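Offset between the sequence shown (1-based) and this note's numbering: plus 971.
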Amino acid sequence: MKRIALILVLSFTLIVAAQKAPRGGSSSLPAAVQQAMNSIDAEKIRATVKYLSDDSFEGRGTGQKGGDKAADWIAAQFKSYGLQPAGEKGTYFQSVGFYGITTNPQESQLQFVPQSGEPITLKFADDYVITDLTHAEKSVIDAPLVYVGYGIHAPEYNWDDYKGVDLKGKVLLMLVNEPPSDDPKFFKGRALTYYGRWTYKYEEAARRGAVGAILIHKTDMASYPWEVVRNSWGGETSVLKDDTNPKLKAAGWIQLEVARRLAKAAGQDLDKMMKDATSRDFKPVELSVRVKQTVVSKVRPFSSRNVVAKVMGSDSRLKNQAILYTAHYDHLGIHPNEPGDNIYNGATDNATGCGILLELARAFAGAKQKPKRTVLFAAVTAEEQGLLGSKYLGMHPPVPARNISLDLNYDDVQPFGEPQQLVASGSERTTVYPVVESVAQAFDMAIQPDDHPEAGHYYRSDHFSLARVGVPAFSINEGPLFKGHDLAWGEEKERDYVAHRYHQPSDEYRPDMDFTADAKLAKVGLAIGWEVADQPQLAGWQPGDEFEKARKAEQSAKGAL
Ligand SMILES: [Zn+2]
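Shown next, in the form of structure tokens:
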């Protein structure tokens, strides 16, 4: 709670300071930055959004024709602006291989077999969902079930649910989220850390040699209902081909009521089990139940590309380091079996981010004077498949991750006019925050804190893929207050978008879109990036942050620069 209060005070200070600043803002920025910034054109962003969201791109699906066409077009823009290629073999591309995995609900089976009494046989989608992340066509499991509480090992919070117990070959049963707390020093209080996300839990279980992990779904703890789990795990799940990390044969979820029955069959009480997990002294409990499971999957290999380009830095030494701008170009593609309009055009999500990325590329490439460090641009694929294009980029960055000072990401920047608030959630966790503050002030914008830190939005956008390899990273976006309107107007526009266009075929280009917003955020990002690119030291994480470890590991392995 303390952290949020502090940010509110800072925002207030900024509002007061901004009121004193000259109108039009940004006059305190260096001339070279001003010049580059002035070349950013809202109408060029409009043209990109209109073009990339045209039906001819068929919704830019990953591994689909329209997605490939978009990648080619973005590369051609980079080239025409004079950027150098930063991809494989002197090209603008990184090719990324995937497996699409669809569980066959008829042939797959999940059974809990207690020592005594009837086995519990579950129904796919209603009771459970499961995915074989090893992308085998068939996996058979017959293993003990071990309850591991939250399934978290977080040394910085002095928390270890595993207590060194050998879990090789076992199936783990665990809770979503993290131990509840209002203490900002303990799992960041109410805010969700990466330890609370299901992705972490599956990764940790696999690292410990488990063959499966089953999460107990509880709506308030997951912050979304069972339908969301069922819909997102019921269809195809994609994984990176080139991922050498250990993987689970069975990564799944069960409904709360199923977990209750299961606990009872094992002679336990689920409420007590959940309460026990909130204690530091919790130890894994092997339940008197075996898991018998067959997972049959349809596996579809496919490939797609990230588009990467660069503007070289001006300093003979620092040009070997970089700052990075990212935006995903993929969207949900075309759904041939749906009646009516079945093209998911993705105008706002995320042709807007692409429009901003391209304007930034044009501005940096055309700048008379260049920043000291190199500036990288990446239009990434497969964001909608679970941040996979950016995950690949994080694993194969054009410049080693230890030498990338900052990643600024753009996703879904609403063209609603001139924003008065800047959202840069996660920036306060990095050493870049003072730069964000001064740039916000120069632009007459108040910094708007994350309204729902407990939902863990930080872990759901492409910048996170860079953060997990240690790069200070965050997205920048606008708050709901726009010039000439009250707060309620902006909030209503946002609600209307989420209800009627977000992830729907109706996310289309409209002539009444006002790209002032996107141009302003491009300028804000340019100013922040340029200053970080010129700083004497690489940016880092605040001491004790969950990503500081990854940064140190990257940098101590080979040393920065
Ligand atoms: Zn998006």
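Ideal Cβ positions, reconstructed from N, Cα and C, are used throughout, including at glycine. On a predicted model such as this, the values are computed, not experimentally measured, just so you know.
Residue i beta carbon near ligand 1 (any heavy atom closer than 7 Å)
{"i": "Glu1127", "result": "no"}
{"i": "Asp1097", "result": "no"}
{"i": "Asn1321", "result": "yes"}
{"i": "Glu1465", "result": "no"}
{"i": "His1434", "result": "no"}
{"i": "Asp1382", "result": "yes"}
{"i": "Glu1354", "result": "yes"}
{"i": "His1124", "result": "no"}
{"i": "His1299", "result": "yes"}
Cβ separation of residue i and residue j, assumed to be a contact under 8 Å, to the nearest whole Å
{"i": "Leu1492", "j": "Glu1449", "result": "6 Å"}
{"i": "Val1440", "j": "Ala1372", "result": "4 Å"}
{"i": "Ala1336", "j": "Tyr1052", "result": "5 Å"}
{"i": "Thr1319", "j": "Asp1383", "result": "6 Å"}
{"i": "Val1279", "j": "Gly1068", "result": "In fact, because the Cβ distance is near 17 Å, the residues do not count as touching under 8 Å."}
{"i": "Asp1103", "j": "Val1266", "result": "4 Å"}
{"i": "Ala1322", "j": "Thr1019", "result": "7 Å"}
{"i": "Ile1327", "j": "Ile1016", "result": "6 Å"}
{"i": "Val1182", "j": "Ala1248", "result": "With a Cβ gap of about 22 Å, Val1182 and Ala1248 do not count as contacting."}
{"i": "Val1346", "j": "Ala1490", "result": "So it is not a contact: roughly 18 Å between Cβ atoms."}
{"i": "Lys1139", "j": "Val1117", "result": "That belief does not hold up - the Cβ atoms of Lys1139 and Val1117 are roughly 11 Å apart, past 8 Å."}
Separation of residue j from residue i, as counted between CA atoms
{"i": "Ile1101", "j": "Arg1179", "result": "19 Å"}
{"i": "Leu1211", "j": "Gly1455", "result": "46 Å"}
{"i": "Glu1517", "j": "Pro1307", "result": "42 Å"}
{"i": "Met1145", "j": "Asp1214", "result": "24 Å"}
{"i": "Lys1036", "j": "Phe1028", "result": "8 Å"}
{"i": "Ala992", "j": "Gln1392", "result": "With a pLDDT of only 38 at Ala992, under 50, the local geometry of the prediction cannot be trusted, and no value is derived from it."}
{"i": "Gly1071", "j": "Leu1329", "result": "30 Å"}
{"i": "Gln1513", "j": "Tyr1165", "result": "16 Å"}
{"i": "Lys1220", "j": "Val1469", "result": "35 Å"}
{"i": "Tyr1430", "j": "Trp1501", "result": "25 Å"}
{"i": "Ser1066", "j": "Glu1228", "result": "43 Å"}
{"i": "Ile1447", "j": "Gly1061", "result": "30 Å"}
{"i": "Gly1427", "j": "Arg1161", "result": "10 Å"}
{"i": "Tyr1404", "j": "Val1410", "result": "10 Å"}
{"i": "Lys1094", "j": "Leu1081", "result": "8 Å"}
{"i": "His1302", "j": "Gly1496", "result": "23 Å"}
{"i": "Ala1488", "j": "Gln1419", "result": "15 Å"}
{"i": "Asn1216", "j": "Thr1105", "result": "10 Å"}
{"i": "Ser997", "j": "Met1416", "result": "At Ser997, the pLDDT of 47 sits below 50, so the modelled position is not reliable and the matter cannot be decided from this model."}
{"i": "Arg994", "j": "Ala1413", "result": "Reliability of the predicted coordinates at Arg994 is poor, the pLDDT of 37 falling under 50, and the value obtained from them is presented with this limitation in mind. Rounded to whole angstroms, Arg994 to Ala1413 spans 10 Å at the Cα level."}
{"i": "Thr1352", "j": "Ala1047", "result": "16 Å"}
{"i": "Arg1271", "j": "Glu1108", "result": "10 Å"}
{"i": "Asn1313", "j": "Gly1038", "result": "15 Å"}
{"i": "Arg1201", "j": "Tyr1099", "result": "8 Å"}
Residues that residue i bridges to, as DSSP identifies them
{"i": "Pro1390", "result": "Phe1453"}
{"i": "Arg1271", "result": "Gly1071"}
{"i": "Thr1402", "result": "DSSP lists no partner for Thr1402."}
{"i": "Met1245", "result": "Per DSSP, none; premise fails for Met1245."}
{"i": "Val1279", "result": "Ala1349"}
{"i": "Ala1125", "result": "Trp1130"}
{"i": "Ile1418", "result": "Leu1393"}
{"i": "Pro1085", "result": "Val1260"}
{"i": "Ser1066", "result": "Arg1276"}
{"i": "Gly1032", "result": "His1302"}
{"i": "Ile1187", "result": "Leu1146, Ile1225"}
First and last residue of the uninterrupted beta strand (DSSP E) at residue i
{"i": "Trp1224", "result": "1221-1226"}
{"i": "Asn1380", "result": "1375-1380"}
{"i": "Ala1353", "result": "Counting along the chain, Ala1353 falls outside any beta strand (DSSP E), and DSSP gives it neither H nor E."}
{"i": "Phe1298", "result": "In the sequence under discussion, the amino acid at residue 1298 is Ala, which differs from the Phe named in the question. First-last of the beta strand (DSSP E) with Ala1298: 1293-1299."}
{"i": "Lys1109", "result": "1109-1118"}
{"i": "Ile1101", "result": "1099-1102"}
{"i": "Val1535", "result": "What is shown of the chain runs 972 to 1532, which leaves residue 1535 out entirely."}
{"i": "Ala1444", "result": "1444-1446"}
Range covered by the alpha helix (DSSP H) that runs through residue i
{"i": "Thr1319", "result": "Looking at the DSSP string, Thr1319 is not in any alpha helix (DSSP H), and its letter there is neither H nor E."}
{"i": "Ile1045", "result": "1036-1051"}
{"i": "Thr1190", "result": "1190-1193"}
{"i": "Met1008", "result": "1002-1009"}
{"i": "Arg1211", "result": "First, the amino acid is wrong: residue 1211 is Leu here, not Arg. Unbroken run through Leu1211 is the beta strand (DSSP E), 1207-1211; no alpha helix (DSSP H)."}
{"i": "Ser1436", "result": "1434-1438"}
{"i": "Val1182", "result": "Element bounds for Val1182: n/a, residue is neither H nor E."}
{"i": "Leu1303", "result": "Leu1303 -> no alpha helix (DSSP H), and no H or E assigned at all."}
{"i": "Thr1487", "result": "1487-1505"}
{"i": "Glu1175", "result": "1169-1178"}
Minimum Cβ-Cβ distance from residue i to chain C less than 8 Å
{"i": "Ser1432", "result": "Among the protein chains of the structure shown there is no chain C, as only one such chain exists."}
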